[in-house]
Ligand SMILES: [Ca+2]
Ligand SMILES: [Ca+2]
């Protein structure tokens, strides 16, 4: 109190006025406190709402998806995941694809109602993800969106049905030699028919799976490691022993296979 020690009656009057004022302010504060206490069974105030989760983290709290559809969402907190429920019809091919907003890297997993994993996609055409799945039976499945390394941020999710194309290798091109996961091959590049062990090449064509585990690539009897994939291409690392004669470069998916003749070239000076 800045009037401490003042003794004139005028000031006393003023002081009494302040005391009355303090009384009402105190009563009002008490009312606010009581109101806050009574409202505490609803813990969401505006500061909490701003970080509220937009899609549930469990199968039980999944958001239902309509097909086809697209939506914007976000992983708000570190470790947040979003789970979506989708009714799938037997024999229909579904595609689930993320586009990155402020979220830098997504991972998609398709689960059954018992939390068993049926399909997985980390990187498709960069750091976004795409799952393609054709159920044998009609059932509700659950799609989980995660940020790689618990990243947070916004993303878009698109759901569609599609008709699988014939598995067809149109040509093979040399892949950029950098390790940049975002780099994609120039698909119009001149076709190559031989490469050396250690080279990265891309099979360009149609009908390839968007998921690493959905494609198997062989060069002769050597199974090749898939290094990245995207729309219309699957990139692999060439392995094997140099041969003078061409051998079969084969890609197999759930929907078929195709192969072309390809030669493992001897390393230069080797
Ligand atoms: Ca969530
Ligand atoms: Ca990813």
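Numbering (our numbering), first residue to last: 12 to 281. Where is the CB? At the ideal position from N, CA and C, for every residue including glycine. Values in this document were obtained by computation on a predicted structure and should not be read as measured data.
Close-in-space but distant-in-sequence residues of the same chain around residue i (CB under 8 Å, 5 per side omitted)
i           : result
residue 70  : 94, 96, 122, 124, 126, 153
residue 265 : 145, 220, 225
Where residue i falls: helix, strand or coil (DSSP)
i           : result
residue 223 : helix
residue 232 : coil
residue 159 : helix
residue 8   : Lying outside 12 to 281, the shown extent of the chain, residue 8 is not represented and no answer is given.
residue 141 : strand
residue 95  : strand
residue 259 : strand
residue 272 : strand
residue 4   : This structure cannot speak to residue 4, because the chain is shown only from 12 to 281.
residue 283 : There is no way to answer for residue 283, as the model of the chain reaches only from 12 to 281.
residue 279 : coil
residue 238 : strand
residue 211 : strand
residue 100 : coil
residue 135 : coil
residue 78  : coil
residue 84  : strand
Best match in the options for proximity to residue i [C-alpha to C-alpha]
i           : options            : result
residue 166 : 108, 226, 178      : 108
residue 8   : 79, 80, 163        : Residue 8 cannot be examined here, being either before or after the span of the chain that is shown, 12 to 281.
residue 256 : 230, 243, 238      : 230
residue 180 : 63, 75, 269        : 269
residue 74  : 90, 88, 98, 89     : 98
residue 182 : 271, 63, 76, 90    : 271
residue 221 : 258, 112, 248, 140 : 140
residue 252 : 78, 233, 218, 170  : 233
residue 284 : 144, 149, 156      : Here the chain has residues from 12 to 281 only, and residue 284 is not among them.
residue 65  : 87, 100, 258       : 87
residue 119 : 112, 102, 92, 77   : 92
residue 100 : 135, 171, 132, 134 : 171
residue 114 : 135, 142, 85       : 85
residue 78  : 129, 168, 158      : 168
residue 149 : 235, 80, 242, 102  : 102
residue 200 : 237, 244, 177, 235 : 244
residue 240 : 81, 159, 216       : 216
Residue i Cβ short of 6 Å to ligand 2 heavy atom set
i           : result
residue 117 : yes
residue 133 : yes
residue 159 : yes
residue 179 : no
residue 138 : yes
Beta-carbon contacts of residue i that lie in its chain and below 6 Å, excluding the five residues immediately before and after
i           : result
residue 205 : 274, 276
residue 186 : 196, 211, 212, 213, 246
residue 56  : In this predicted model, residue 56 has a pLDDT of only 38, less than 50, meaning its place in the structure is not dependable enough to derive any value.
residue 48  : Here the model assigns residue 48 a pLDDT of 41, short of 50, so the residue's position is not dependable, and the following value carries that caveat. Cβ neighbours of residue 48 beyond the five flanking positions: none.
Heavy atom of ligand 1 within 6 Å of residue i beta-carbon
i           : result
residue 91  : yes
residue 68  : yes
residue 126 : no
residue 169 : no
residue 64  : yes
Within-7 Å CB hit, residue i to chain C
i           : result
residue 223 : Of the chains in the structure shown, none is chain C; there is only one protein chain.
Strand pairing of residue i, partner residues [DSSP]
i           : result
residue 266 : DSSP output for residue 266 lists no bridge partner at all.
residue 72  : Partner(s): none; residue 72 has no beta bridge.
residue 171 : 106
residue 217 : 179
residue 206 : 275
residue 251 : None; residue 251 has no bridge partner.
Contacts around residue i, its chain only, beta-carbon distance under 7 Å, and the 5 residues preceding and following it disregarded
i           : result
residue 89  : 161, 163
residue 208 : 249, 250, 251, 275, 278
residue 173 : 104, 106
residue 111 : 117, 138, 139, 166
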